[in-house]
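Each residue of the sequence shown is one higher than the last, beginning at 2 in the numbering used here.
Even glycine gets a Cβ: it sits at the ideal position worked out from N, Cα and C.
Here is the structure we will look at.
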Amino acid sequence: MQGISDNTSEDPDSGENPSARGSARRGPSLKARAVDFLSRREHGRQELGRKLARHSDDPEEIESVLDSLAKEGWLSDARYAQSIVQRRGERQGTARIVQELRRNGVDAQLVDTLRAELQSTEYERARQVWAKRYADKPATTPTEYARQARFLAARGFGAGIIGKILKGSGLDEEG
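Written as structure tokens, this is what we have:
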């Protein structure tokens, strides 16, 4: 019995301030970390929560920080979604952007609204992506047509849009 009580009394961190060692090890507060992440770029609530979870074992503390940031205007899923659309819109198709938004927990109604906006400009965006890479290399063989179609599909553009773009690129004009 005496050995058990001796072990606890010898531990300097088992005394009056049990969080002293933990806070010294953890570094900045969760809120400071969150603000640091948000100062670099917009984050969605779910994405920021995942990043903060690496620095805290307490989900309630993380939720509290996220609620506080949202209340103060630092954290907004709507701004995050618009940021994704701005950053990815010129290079990626609607399907790929929508997939990323869903994966990061953006509200379904907001995703549907953004999808409608993206679809209205998808042909122009896909045409620019294709022209940047293949404007001087029209798809004159089935192999080249397939290569260019895969290129656009990998960026999230739909089959209908791909067909319209490649239709005027060479192969279909010969047939």
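| query | result |
| --- | --- |
| Following the continuous alpha helix (DSSP H) through Q100, name the residue where it begins and the one where it ends. | T95 to R104 |
| Any Cβ of chain B within less than 8 Å of the Cβ of Q87? | In summary, chain B is missing from the structure at hand, where a single protein chain is found. |
| Determine, using beta-carbon pairs with one atom in the region 79 to 92 and one in the region 120 to 132, whether at least three such pairs fall under 8 Å. | yes |
| For T141 and E123, what's the separation of their Cα atoms in angstroms? | 24 Å |
| How long is the line joining the alpha carbons of F38 and Y146, rounded to whole angstroms? | 42 Å |
| Once DSSP output is grouped into helix, strand and coil, what is the label at R148? | helix |
| Can you say whether A33 is buried or exposed, counting buried as having 16 or more other CB atoms within 10 angstroms of its CB? | exposed |
| May I ask you to report which of helix, strand or coil DSSP gives W75? | coil |
| Between which residues of its own chain and G78 is the CB-CB distance below 8 Å, once the five residues before and five after are set aside? | Reading the sequence as shown, one finds Asp at residue 78 and not Gly. Same-chain partners within the cutoff: G45, R46, G106, V107, D108 and L111. |
| Out of G164, R104, G169 and Q120, state which residue places its alpha-carbon closest to the alpha-carbon of A136. | G169 |
| Is it true that the CB of L31 sits closer than 8 Å to the CB of L49? | no |
| So, using beta-carbon positions, are A155 and L167 closer together than 8 Å? | no |
| Round the Cβ separation of T95 and R116 to the nearest angstrom and send it over; I've been treating them as touching at under 8 Å. | 6 Å |
| Determine the closest residue to G157 out of E73, T144, T114 and Q100, with distance taken between C-alpha atoms. | Q100 |
| Would you mind sorting A160 into buried or exposed? The rule is 16 or more other CB atoms within 10 Å of its CB. | exposed |
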